[in-house]
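Participant: According to the numbering used here, the residues represented by the sequence shown are 5 to 156, in order.
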Amino acid sequence: MNEQQPYTGVDDPRVAALPSAEFAFPGPLRDQLVAAILDTSKTSTTGLVADYEHENEPLPLVGERAAVLDSDGRRVAVIETTDVQVTPLADVDLQHALDEGEGFTSVAEWRAGHERFWRSPELLEALDDPGFTVDDTTPLVLQRFRLVADLR
């Protein structure tokens with residue numbers, strides 16, 4: 005099957021072969037983020053380099069595609085990475101914050117929201133590091149992506 009052909013849905017073997025992309029933990033925040041991806045208001049995301057290292061996962065690469073999972077573990081979309089940068093927390097700019105599609109109107113607001121998540125018991129448990137904290141020097145993965153297919 006030609007890679008340029010549109011995906012035919014969740015049963016398309018090309019979708020099944022894609023790695024999964026999970027945003028936040030299952031629940032209301034993931035539901036909000038997935039909805040923003042599907043309506044294309046979310047075109048960027050931020051991850052902790054520490055999380056990639058803990059999971060022994062490579063950083064995303066431009067051109068890679070992934071299947072977005074909803075809170076029930078269903079593949080609901082395909083996204084393609086368009087840009088990846090590793091930068092300290094202090095260097096995140098307003099455009100990135102706006103492109104996250106979460107309604108942030110300033111970098112300070114974006115940072116406060118992300119710091120709450122990064123300090124949450126769920127994330128600290130996932131990192132196996134109850135003392136993990138962030139500061140201006142914390143390295144982040146800034147990923148931009150585009151929606152390739154809505155599989156709903």
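C-beta: ideal position from N, C-alpha, C; glycine also.
(1) Give the single residue among T12, A20, R150 whose Cα lies nearest to the Cα of D87.
(2) Assuming the contact rule is C-beta atoms closer than 8 Å, A40 and I83 should be a hit. Round their C-beta distance to whole Å, please.
(3) Does the Cβ-Cβ distance between V72 and V38 come in under 8 Å?
(4) Check for me: the beta strand (DSSP E) holding G51 runs from which residue to which?
(5) From V14 to G51, what does the alpha carbon distance come to, in whole angstroms?
(6) Let me make sure I understand the geometry here. Which of S48, T47, L63 has the alpha-carbon closest to that of A54?
(7) Please look up how many angstroms separate the CB atoms of L33 and D154, rounded, as I've assumed it's under 8 Å.
(8) In angstroms with no decimal places, state the Cα-to-Cα distance between A20 and R156.
(9) Can you list, in chain order, the residues of its chain whose CB lies under 6 Å from that of A94, leaving out five sequence neighbours each side?
(10) Helix, strand or coil: which one does DSSP assign to V19?
(11) P143 by DSSP, collapsed to three states: which one?
(12) State the Cα-Cα distance for the pair A108 and G117, rounded to the nearest angstrom.
(13) Which residue's Cα is closest to the Cα of A130: P17, Q9, N60, R69?
(14) Opposite R79 in the DSSP bridges: which residues?
Facilitator: Result, derived from the coordinates:
(1) The residue you call residue 87 lines up with position 83 of the sequence shown. Looking at the Cα atoms, R150 is the closest of the given residues.
(2) The residue you call residue 40 lines up with position 36 of the sequence shown. The residue you call residue 83 lines up with position 79 of the sequence shown. Their Cβ separation, rounded to whole angstroms, is 12 Å, which puts A40 and I83 out of contact at 8 Å.
(3) Your numbering for residue 72 matches position 68 in the sequence shown. Your numbering for residue 38 matches position 34 in the sequence shown. Yes, the pair counts as a contact, with Cβ atoms nearer than the cut-off.
(4) Taking the sequence shown and counting its residues from 1, the one referred to as residue 51 is at position 47. Start and end: 48-52.
(5) Taking the sequence shown and counting its residues from 1, one reaches residue 14 at position 10. Taking the sequence shown and counting its residues from 1, one reaches residue 51 at position 47. Rounded to whole angstroms, V14 to G51 spans 26 Å at the Cα level.
(6) On the sequence shown, residue 54 is found 50 positions in, with the first residue counted as 1. Of the candidates S48, T47, L63, the one whose C-alpha sits nearest the C-alpha of A54 is L63.
(7) In the sequence shown, residue 33 corresponds to position 29, counting from 1. In the sequence shown, residue 154 corresponds to position 150, counting from 1. Not a contact, Cβ separation roughly 20 Å.
(8) The residue you call residue 20 lines up with position 16 of the sequence shown. The residue you call residue 156 lines up with position 152 of the sequence shown. Their Cα atoms are separated by approximately 14 Å.
(9) Taking the sequence shown and counting its residues from 1, the one referred to as residue 94 is at position 90. If we look at A94 and ignore the five residues flanking it on each side, its Cβ neighbours are D140.
(10) Along the sequence shown, read from residue 1 onward, the residue named residue 19 stands at position 15. Helix at V19.
(11) The count along the sequence shown starts at 1 and reaches residue 143 at position 139. Strand, per DSSP.
(12) The residue you call residue 108 lines up with position 104 of the sequence shown. The residue you call residue 117 lines up with position 113 of the sequence shown. For the sequence presented, residue 108 should be read as Phe rather than Ala. Answer to the nearest angstrom: the Cα atoms are 9 Å apart.
(13) By 1-based counting over the sequence shown, the position of residue 130 is 126. When each option's Cα is compared against that of A130, the closest is N60.
(14) Here the question's residue 79 lines up with position 75 in the sequence shown. DSSP output for R79 lists L73 as bridge partner(s).
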